[in-house]
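Reading through the structure tokens given below for one structure.
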Amino acid sequence: MAWKRFAGIGCLVAGTIAFAGPALADETVHDPLEGFNRAMFAVNEGLDTVVIKPVAAGHDFAVPLPAKAGVGSFFGNIADIRNVLNNALQGKLADAGNDFGRLLINSTVGIFGLFDVASELGLEKHDEDFGQTLAVWGWTESDFLFLPILGPRTVRDTGGWVVDAYTDPTWYTLRKSVAARNTLVALPFVDVRASLLPSDKVVEEAALDKYAYVRDAYLQRRRNLIFDGSPPRLEDVLD
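Start counting the sequence shown at 4; every next residue gets the next number (this note's numbering).
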């Protein structure tokens, strides 16, 4: 299933700015398409400057904080569908049960996810996707890919992203209303971009090579997610 343009740009923005941390060792970076990837990175940087950043700044100025919290909570609740399925596929049944409980509580008591009641009750929020599931199943290393509009990912995570798209009820419930569906697809990504505006200057000042910074930080973050916050030491990976 193809995602709409705003969704892809939102992925780009989140991927480009959200990640931080020390660089990975060169031996752990698989980037055989670096020439193509750098070209797409430059295109996406231009799109962010001209289109997305101004929209996000307007959103940040116009939308009150309680409304932003509600938006984040609502779409986080939808993401728990994906979390339930992928935790189950990875054999983490306790986490899958936890996420199902979150989904049930926030969809009812939390008024369709507008309020994150489950977190207040101590049910931890997870972040799982089918790309991580593929890694758990054995596809541990994958080539880096910077896609037009869609932003940073790997070949493995691109396939996982397509599968995860089918777990988003937005595509099914709003099939007959293209405008409403596109709005719901765009809104979470604009909201994320707005939350990352303060990070812009930090990234610009920290990176001598912004492309390499984004790539390495993205791959590091993915490793951290795949190993649930406890990735193996780089020296163990290289042995």
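Virtual Cβ for every residue (Gly too), placed ideally from N, Cα, C.
Worksheet entry | Within 7 angstroms, strictly: CB atoms of residue 165 and residue 145 | no
Practice prompt. Would you tell me roughly how many angstroms separate the C-alpha atoms of residue 218 and residue 70, rounded to the nearest one?
Written response: 32 angstroms
Practice prompt. Taking all protein chains shown into account, decide if residue 53 is buried (16 or more other Cβ within 10 angstroms of its Cβ) or exposed.
Written response: exposed
Discussion item. Which residue wins for smallest C-alpha separation from residue 234, given the options 113, 98, 135?
Written reply: 135
Worksheet entry | Neighbour-count burial assignment, residue 211, 16 or more Cβ in a 10 Å radius | exposed
Worksheet item: Who are the near neighbours of residue 173 in its chain, counting only those whose CB is closer than 8 angstroms to its CB and skipping five residues on each side?
Response: 81, 184, 187, 188
Worksheet item: DSSP on residue 136, reduced to helix/strand/coil?
Response: helix
Worksheet item: Would you call the CB atoms of residue 98 and residue 109 closer than 7 angstroms?
Response: no
Practice prompt. May I have the straight-line CA-CA distance separating residue 176 from residue 167, to the nearest angstrom?
Written response: 16 angstroms
Worksheet item: From which residue to which residue does the alpha helix (DSSP H) around residue 161 run?
Response: 158 to 168
Practice prompt. Please state whether DSSP places residue 141 in a helix, a strand or coil.
Written response: coil
Practice prompt. For the alpha helix (DSSP H) containing residue 88, list its first residue and its last residue.
Written response: 68 to 92
Worksheet item: Across which residues does DSSP place residue 155 in a beta bridge pair?
Response: 149
Worksheet item: Using DSSP with H/G/I as helix, E/B as strand and the rest coil, what is residue 180?
Response: coil
Worksheet item: Can the beta-carbon of residue 73 be found closer than 7 angstroms to that of residue 117?
Response: yes
Discussion item. Check for me: the alpha helix (DSSP H) holding residue 62 runs from which residue to which?
Written reply: 56 to 65
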